[in-house]
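*Asks:* Sharing a structure below in structure tokens format, with a few things to ask.
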Amino acid sequence: MGRSNLGIAGDAGTTLLKSGSNLQISGSATLGLATPHTMTLNGTTTWTGGVLHVSGGAALVMNNGGTFNDDANGVFEVGAGASATFNNPGTFTKGSNADVTTFAPGFHNTGTVNVNAGTLVLLGGDGGAGAGGVFNVTGSTLDLRGGTFSTLKANVDSSSTLIASGAAATLAGGSVVAGSQSVRSGSLTVPSGLTISPSSITLSGGKLGGGGSISGNLTWTGGTLGGGGGQLSGTLTMNGSGEKDFAAPYTTNLSGSSYWSAGRLRVLNPAKGGFQTLTINNTGTFNAYTNDSFDVDCCFALALFNNSGTFNRSGSSSSDQVLWSPALHNTGTVTVSSATLTLRGGDGAALAGSPDTGSYNVSNTGAVAEFRGGGFGAVKPTGSGLLLVSGANVVVGANGSPAYTGGLHVAAGTLKVNATVGGVGTLTLDSGSFGGSGTLTVSTFDWNGGQLGDGGGTLSSGGGTIQTAAEKQLQAPYTWNNTGSSNWFAGNLHGLAPSSGGKFVINNSSFFDIWGANQFLVEAASSPYLVFVNTSGGTLYTSGVDGQILWQAPLFNQGSVEDGGGINSNDTLTLSGGDGQSLLPTTYQGGTYKPDNSRAVIELQSGTFSSNQVGGGSAFSAGSLLVSGASVSLFGSGTVLHLNFDVKAGSLSWSNSASLDKLTLEGGSFGGSGTLTVSTFDWNGGQLGDGGGSLATSAATIAGSGTHDVLGPFTWTANGTTTWNGGTLNAKAPTTAANGNDFLLDNEGTFNIRADSDFTAQATIAGQPQMFFKNAGTLDKTDTGTAGKTAIEVPLFNSGTVSLTDAILTLAGGDGRDHFGSTPGGTFTIASDATLEIAKGDFAPGTLTNGGTLAVSGGTLTVGAHSNSAKIRLSGGTLNVQSYTQSATGELDVILSGTTAGTGFGPLKSVGAVSLGGTFNVSNATGYTPATGSTYLIITGSAVSGTFSTTTLNGYTLTMGAATVRLTK
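Residue 509 in this note's numbering sits at position 519 of the sequence shown, and the numbers go up by one each step.
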């Protein structure tokens, strides 16, 4: 048959080509095959030309039991509504024609297909189950373009190509693919137990995978690789902008050099079977040149990239980025030479069953290895680029070789250095946490947020910045050594209480400068856990801060703490954590606290600060050291310090010799063993003294309504003018009565009492006073209007002048002559509107000039020859004189409360003669009713002369004797 229109007889027709017969199909015309029809070809069929077209609405079945030779550039097509199956139990050979034959019917091969030239395109699949024949492809191409090939047994030699371009093809066991293999659409499945080794593999669409093994080099521009649990071994060249998908489970073993230059990689979520894993084992070199991502779908897809070889990441600019979501298990080398490699899947140690041991070489300054997600348990860095932690949990387990010199940046997640890593350029902490058990040394530490510490390791930084408003947390146990200039601009520092003990130590050996009204906070804990050690070479400094810097962390100062003052208001550095000695092996500090100018205040609010010194500012710009609750011991760093002390609460103990501008005592206590000289002393409350030291003042003011305590041993030398405007002075008893444990107020200038306040005394031990008021200057009690009252219960040793004007001064402590070993010898001057009362103790003034009222209600007053032209009131005690003369203007008032001299009445005893005149008044004390016949020896002397010109006796009889004056009831 040359040209033939086969099967035109129509319905249910059959055509039989007997064995040994020949069928020739040729020409260029379309040859129609009507349906339904069955052709059985048992002879030899040769197709050299023409288009075979199946028409009708039924099926064509062509059974080739003989030999079918395809030498045509032909098309075997199936029209709409028709179907066709080519059953080949015989032999089908595409022979010498190198052109393309397209075969649309289902090709059910149970015999042999030889593709010896050109391309055989199969569009209709394998026509159903049982197609187990072999396709021998030699020097040609087999293109599976449609349908399903469920058991395709193919022998593809090294010069041939197997293409899947739309069909769903599964190779059968025993297949051999030695030539090139291309999957463009559809699928090509290599089943379990089968291994093929194509000379080259191309995947541009569809899917390549299965449970078997593929060995070869894959060029991948699109489509899906994997699924079924098999493996591909060779290299990958991934280019083109199309997405490239992995299906799990699958394994890819990479040796040699693989390249990823374009297109997104994606691990698909398995449709069923729970968690499934993609594993890529790289023993060669994997080069990532793209800016695309390698993603892993949610929620059952797992992906592990085992790198025992070299992983190279490079790009054209520093902004180029690869987003890598599979776990990267690195036991080889990951090199980032430029751009950014962003890892989001952790190190896969759990999937791999072993820890990382490889290195991360961030080889250039523009290169970034970013750890965004998962855990990386043993990173070993090298190079000069940047390690960025932006969400992962990363542990640096060892330094690389050569040592890492780049930067570390923590933006989120955690970074722990558990090894000794030195020479690092920068550490930037934005958020998350940085810590570990190792030692990290960096040139610069920039802290913008997040947590520093935990793990017990050490960070040594050569300076840096603390900025942004975010809180910065410190977690013990950890040590931070600041060896360069660090500047704290913004954001609070917050020391977190450790959950299982340990301490956080900051060692500052350089410059730590505070530029904002920031806070260094610590949490309440049973014992201290954080300390800032300002070493002998360190300076903690505040610069131009308007407001308060609250510093709750313990501060152990061996260097210098300086407050430079605010610009428009006071700059106050408030320290409330003490000095943290319990956390350190040494107790001696010796550092300096120095407010540099008049706007500078260093406040010690709570805790204990011991063995520190202070420094001052300029002569016209003295700053202040404020003690508002702490227990402080200080000594001076020079003989003249332009500095103000202000004690509001707590205690300040001074142990050196120096001069200051001002001391203000508002509460708490000031004392110590040293000698302090101040230009001005303002005392508004609190306790002065204890420690055995001394205070010398050029001017002083005592004010306020509260109690002002003094406690020995201590000496206050008041030079210049001291003015007492308010509040009670109270002498407290020292702990023991040892010699020298008393308090001495030594007035060498003018001491003005302008308050109606008292100087009370608790300071007696075994009846002995432990507080003494020594007046070598002028003690002046002056009021205006109604005379004010002041009682001084402590011994007053007056070697100067006591002057009273419009005031009442009561002395109840004696003059301390036994303590000082001499009589005072000073002068008492009482103005006409003033009263001096001796209420207790012995007094022997050198001169007493009474122009007002001299009252004796207890104790003993001993004076020389006394001429009374004013008023004397005797109600107790004893008035001793050398001689007594009362002029016509003089008045002697006697107040009786009993018959016992010294307690019931006050006698006047004169060694010499007594000359009387003026007025004599007698009265009973409130509540006293004398018995009839009671006698009172009022005056004694060597001789009594004269008489009182005016008497008020109130029922008493006055008897004038030769040497006595007596009252009788």
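Where is the CB? At the ideal position from N, CA and C, for every residue including glycine. Here the structure is a predicted model, which is why all the values come from computation and not from measurement.
Between which two residues does the alpha helix (DSSP H) holding H809 run?
*Replies:* Here the alpha helix (DSSP H) through H809 covers 807 to 810.
*Asks:* Excluding the 5 residues flanking A891 on each side, which residues of the same chain have their C-beta closer than 6 Å to its C-beta?
*Replies:* Counting only Cβ-Cβ distances below 6 Å, and skipping sequence neighbours, we find P897.
*Asks:* Could you check whether P316 and Y350 sit closer than 7 Å to each other, using their CB atoms as the reference points?
*Replies:* No, the Cβ-Cβ distance between Y350 and P316 is not below 7 Å.
*Asks:* Are there 16 or more other CB atoms within 10 angstroms of the CB of F265, so buried, or fewer, so exposed?
*Replies:* The residue is exposed, with fewer than 16 neighbouring Cβ atoms inside 10 Å.
*Asks:* Using the three-state DSSP reduction, which class does L943 fall into: helix, strand or coil?
*Replies:* Reduced to three states, the DSSP call for L943 is coil.
*Asks:* In the DSSP output, which residue or residues are listed as bridge partners for W541?
*Replies:* BP columns for W541 point to F510, L565.
*Asks:* Give the straight-line distance between the Cα atoms of D680 and T665, rounded to the nearest whole angstrom.
*Replies:* Approximately 12 Å between the Cα atoms of the pair.
*Asks:* If you compare alpha carbons, which of T30, W37, H27 is closest to Q14?
*Replies:* Of T30, W37, H27, the residue nearest in Cα terms is W37.
*Asks:* Excluding five sequence neighbours on each side, which residues of the same chain lie with their C-beta closer than 6 Å to the C-beta of A693?
*Replies:* Here the set comprises N674, N715, G716.
*Asks:* Which residues does DSSP list as the beta-bridge partners of E552?
*Replies:* Partner(s): Y531, K584.
*Asks:* Where G657 and L886 are concerned, what is the direct C-alpha to C-alpha distance, given to the nearest angstrom?
*Replies:* So the alpha carbons of these two residues sit roughly 44 Å apart.
*Asks:* In this structure, does DSSP put A342 in helix, strand or coil?
*Replies:* Helix at A342.
*Asks:* Any idea what DSSP makes of L247, helix, strand or coil?
*Replies:* It should be noted that the sequence gives Ser, not Leu, for residue 247. Correct three-state label for S247: strand.
*Asks:* For V622, which residues in the same chain have their Cβ closer than 6 Å to its Cβ, ignoring the five residues on either side in sequence?
*Replies:* For V622, where only same-chain residues beyond five positions count, the Cβ hits under 6 Å are L594, F599, L642.
*Asks:* Please give me, in chain order, every unbroken run of the beta strand (DSSP E) with length at least 3 that falls completely inside the stretch 226 to 299.
*Replies:* 234 to 237, 240 to 244, 247 to 250, 255 to 258, 266 to 272, 275 to 278, 283 to 286, 291 to 297, all fully within the stretch 226 to 299.
*Asks:* Using the Cβ count rule (16 or more neighbours within 10 Å means buried), how would you classify A933?
*Replies:* Counting Cβ neighbours within 10 Å, A933 comes out exposed, since fewer than 16 surround it.
*Asks:* Ignoring anything shorter than 4 residues or poking outside the stretch 166 to 221, list the alpha helix (DSSP H) runs there in chain order.
*Replies:* None, since the stretch 166 to 221 contains no complete alpha helix (DSSP H) of that length.
*Asks:* Leaving out five residues on either side along the sequence, give the residues of the same chain with a beta carbon under 7 Å from the beta carbon of G936.
*Replies:* Excluding positions up to five away in sequence, the list reads S905, L906, G907.
*Asks:* Which parts of the stretch 652 to 727 are runs of the beta strand (DSSP E), unbroken and 3 residues or longer, counting only runs that do not cross its ends?
*Replies:* Here the runs fully enclosed are 659 to 661, 665 to 673, 676 to 679, 684 to 692, 697 to 701, 704 to 714, 718 to 722.
*Asks:* Buried or exposed: Y578, going by 16 or more other Cβ atoms within 10 Å of its Cβ?
*Replies:* Y578 should be labelled exposed.
*Asks:* As a quick exercise: from N742, G661, S172, pick the residue whose alpha carbon is nearest that of T209.
*Replies:* It is S172.
*Asks:* Going by other Cβ atoms of all chains shown within 10 Å of its Cβ, with 16 needed for buried, is A(-1) buried or exposed?
*Replies:* In this prediction, A(-1) scores a pLDDT of 32, lower than 50, which makes its location untrustworthy; no coordinate-derived value is stated.
*Asks:* Kindly indicate which residue of V166, S165, S170, S140 has the alpha-carbon position closest to the one of A157.
*Replies:* Out of V166, S165, S170, S140, S140 has the C-alpha closest to the C-alpha of A157.
*Asks:* With a threshold of 6 Å on Cβ separation, who are the neighbours of N320 within its own chain once the five nearest residues in sequence on each side are excluded?
*Replies:* N297, D346, G348.
*Asks:* Can you have a look at K8 and say buried or exposed, based on whether 16 or more other CB atoms are within 10 angstroms of its CB?
*Replies:* K8 comes out exposed.
*Asks:* According to the Cβ coordinates, are S214 and N229 closer than 7 Å?
*Replies:* First, the amino acid is wrong: residue 214 is Thr here, not Ser. No. Outside cutoff.
*Asks:* Give me, in chain order, the residues of the same chain whose beta-carbon lies closer than 8 Å to that of T185; leave out the 5 immediate sequence neighbours on both sides.
*Replies:* Closer than 8 Å at Cβ, skipping near neighbours: G202, S203, I204, S205.
*Asks:* Assign Q571 to one of three DSSP states: helix, strand, or coil.
*Replies:* Q571 falls in the helix class under three-state DSSP.
*Asks:* Taking 7 Å as the threshold (C-beta atoms), are N477 and T458 in contact?
*Replies:* No, the pair does not count as a contact, with Cβ atoms beyond the cut-off.
*Asks:* Can you have a look at P835 and say buried or exposed, based on whether 16 or more other CB atoms are within 10 angstroms of its CB?
*Replies:* By the neighbour-count rule (16 or more Cβ atoms within 10 Å), P835 is buried.
*Asks:* Only counting the same chain, and skipping five residues up and downstream in sequence, which positions put a Cβ closer than 6 Å to that of G356?
*Replies:* Excluding positions up to five away in sequence, the list reads S308, S328.
*Asks:* Do G506 and F479 have their C-beta atoms closer together than 7 Å?
*Replies:* Their beta carbons are under 7 Å apart, which means G506 touches F479 by this criterion.
*Asks:* Give the DSSP-derived three-state secondary structure of P814 in the structure shown.
*Replies:* Correct three-state label for P814: coil.
*Asks:* With DSSP collapsed to three states, give me the class of T418.
*Replies:* In this structure, T418 counts as strand in the three-state DSSP scheme.
*Asks:* Can you tell me which of the three DSSP states N558 falls into?
*Replies:* Note: N558 maps to coil in three-state DSSP.
*Asks:* Quick one: what's R303 bridged to in DSSP?
*Replies:* Answer is A278, V326, bridged to R303.
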